[in-house]
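Visitor:
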DNA sequence: TCCCACTTGAGACTGAGTCTAAGGAAGAAG
DNA sequence: CTTCTTCCTTAGACTCAGTCTCAAGTGGGA
Ligand SMILES: [Mn+2]
Ligand SMILES: [Mn+2]
Ligand SMILES: [Zn+2]
Ligand SMILES: [Zn+2]
């Protein structure tokens, strides 16, 4: 889905629920649709780059608003601040992350989801959501790891490489 | 496993690797084996209750030490600070949490683990660890939710109710 | 046009976690 | 036992992300 297209769908979604899409919120959402995963502070900087008058609080409030309405998901990876991603029309997916280089792969598996449902039923729970993260080493980093025994502790930088639909 | 027993196994584990179990570390571990899940700050308070001279930094360093050696796991649930739990001799398990009352259930499913392995293989990754959290409503909270429409936003308190072996 | 509820900007505040500096154990070697 | 050296600890300052407050701004409906 093209960014502008996604923007308009979100615009529509909010309008349908009479949630005001103020100018500030528009700017924030405009930046979001151009990114995959981002942290709150990244988004603050990003937005302020072009609109310095938009306050930090406003960005955080917008994040909260979108989350409450199911348009945005928060993901706690293991290092650094939580990452967000728009979920609007996208299919549900989980994440696989390389601990060395920070590459993130999105995956989805129906069987996995089905097993989850069965498990939760056993306990009489009603499933609301879940978070499934796999951590490991990508092909590239596995090789690198063998050469340099001492872990070259580069701070993993998050980056999206591949998306599975 | 009895607390004292678990303590001694950890003691042994560290001795085998010539990792010093100082008096301070002993006090921290002694408290840990008496708990299920705990946050770092809870542990600081807990330890300082009986040993006020043990610094906050020491508790954090001990948490890091145990994590590095695979004796302790860190879990990011969605609200509040991350929780820790000793994993020493215990079987691997994942967590199911009630969003209303904070009850935590531990579960394990071989099929789930197998599917994970298959998925990660597809991407040429080598799995190091994973985090699988299910969030929902327990039987009790489902009923309560129907009565009081407005969510009674009690701050969920973590509590272990049931363990699956 | 006026009102009122909602939204915002600015900045203070909080809590969790990290870092630093100086002093304190404690094995190893002599 | 004494010295050396390395590791460990304390206390408190510091950082960073996120939350809260409040006065001022905004805008849609009567
Ligand atoms: Mn994603
Ligand atoms: Mn557990
Ligand atoms: Zn990698
Ligand atoms: Zn419950």
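Residue numbers (the numbering used here), protein chains in the order written: chain F, 122 to 286; chain P, 122 to 286.
Just so it is clear, CB atoms sit at the ideal spot from N, CA and C, and this is done for glycine as well.
#1: Anything in chain F within Cβ reach of residue 256/P, meaning under 8 Å, just list it in chain order.
#2: Check the Cβ of residue 233/F against every Cβ in chain P and list those closer than 8 Å, keeping chain order.
#3: Taking all protein chains shown into account, decide if residue 257/F is buried (16 or more other Cβ within 10 angstroms of its Cβ) or exposed.
#4: Starting from residue 218/P, follow its DSSP beta bridges and name the residues at the other end.
#5: Whether or not the region 217 to 232 of chain F and the region 172 to 189 of chain F are in contact is what I'm after, with contact meaning three or more pairs of Cβ atoms, one per stretch, closer than 8 Å; do they touch?
#6: Suppose contacts are defined by Cβ-Cβ distances below 9 Å. Is residue 205/P in contact with residue 161/P by that definition?
#7: Of the residues 132/F, 137/F, 141/F and 139/F, which one's Cα is nearest the Cα of residue 153/F?
#8: Please go through the same chain and pick out, in chain order, the residues whose beta-carbon is closer than 8 Å to the beta-carbon of residue 141/F, but skip the five residues on each side of it.
#9: Would you verify that the beta carbon of residue 167/P is, or is not, closer than 9 Å to some beta carbon of chain F?
#10: Closer than 5 Å between the C-beta and any heavy atom of ligand 1: which residues qualify, listed along the chain?
#11: Use the C-beta contact count for residue 194/P: other C-beta atoms within 10 angstroms, 16 or more gives buried, fewer gives exposed.
#12: Along chain F, which residues have their Cβ under 9 Å away from the Cβ of residue 260/P?
#13: For a test of the three-state rule: what should DSSP assign to residue 123/P, helix, strand or coil?
#14: DSSP three-state label for residue 129/P, please.
#15: Can you tell me where the beta strand (DSSP E) holding residue 205/P begins and where it ends?
#16: Where do the ends of the beta strand (DSSP E) carrying residue 196/F lie?
#17: In terms of DSSP beta bridges, what is residue 251/P paired with?
#18: For a cutoff of 9 Å on Cβ pairs, would you count residue 140/F as touching chain P?
Guide: So, from the listed chains and residues:
#1: Walking along the second chain from the start, residue 256/P turns up at place 135. The contacting residues are 248, 249, 250, 251 and 252.
#2: Within the first chain, residue 233/F is the residue found at index 112, counting from 1. Result: 233, 236, 237 and 240.
#3: On the first chain, residue 257/F is found 136 positions in, with the first residue counted as 1. So residue 257/F counts as buried.
#4: Counting from one through the second chain, the residue named residue 218/P turns up at place 97. In DSSP, residue 218/P forms a bridge with 225/P and 256/P.
#5: no
#6: Along the second chain, read from residue 1 onward, the residue named residue 205/P stands at position 84. Along the second chain, read from residue 1 onward, the residue named residue 161/P stands at position 40. The answer is yes: Cβ separation under 9 Å.
#7: Taking the first residue of the first chain as position 1, residue 153/F is located at position 32. Comparing Cα-Cα distances from residue 153/F to each of 132/F, 137/F, 141/F and 139/F, the minimum goes to 132/F.
#8: The residue labelled residue 141/F in the question sits at position 20 within the first chain. For residue 141/F, where only same-chain residues beyond five positions count, the Cβ hits under 8 Å are 135.
#9: As a position in the second chain, residue 167/P is number 46, starting the count at 1. It does not: the Cβ of residue 167/P has no partner Cβ on chain F nearer than 9 Å.
#10: 206/F and 227/F
#11: Here the question's residue 194/P lines up with position 73 in the second chain. Residue 194/P is buried by the Cβ-count criterion.
#12: Reading the second chain from its first residue, position 139 is the one you call residue 260/P. Ordered by position in chain F, the residues that pass the 9 Å Cβ test against residue 260/P are 244, 245, 246 and 247.
#13: Stepping through the second chain from its first residue, residue 123/P is reached at position 2. Residue 123/P falls in the coil class under three-state DSSP.
#14: Taking the first residue of the second chain as position 1, residue 129/P is located at position 8. DSSP places residue 129/P in helix when its eight states are reduced to three.
#15: For the purposes of this step, residue 205/P is taken as the residue at position 84 of the second chain. Residue 205/P -> beta strand (DSSP E) spans 204 to 207.
#16: Working through the first chain from its first residue, we reach residue 196/F at position 75. Its beta strand (DSSP E) spans residues 193 to 196.
#17: To locate residue 251/P, count along the second chain from 1; it is residue 130. In DSSP, residue 251/P forms a bridge with 255/F.
#18: Residue numbering aside, residue 140/F sits at position 19 when the first chain is read from its first letter. No - not a single Cβ of chain P is within 9 Å of the one on residue 140/F.
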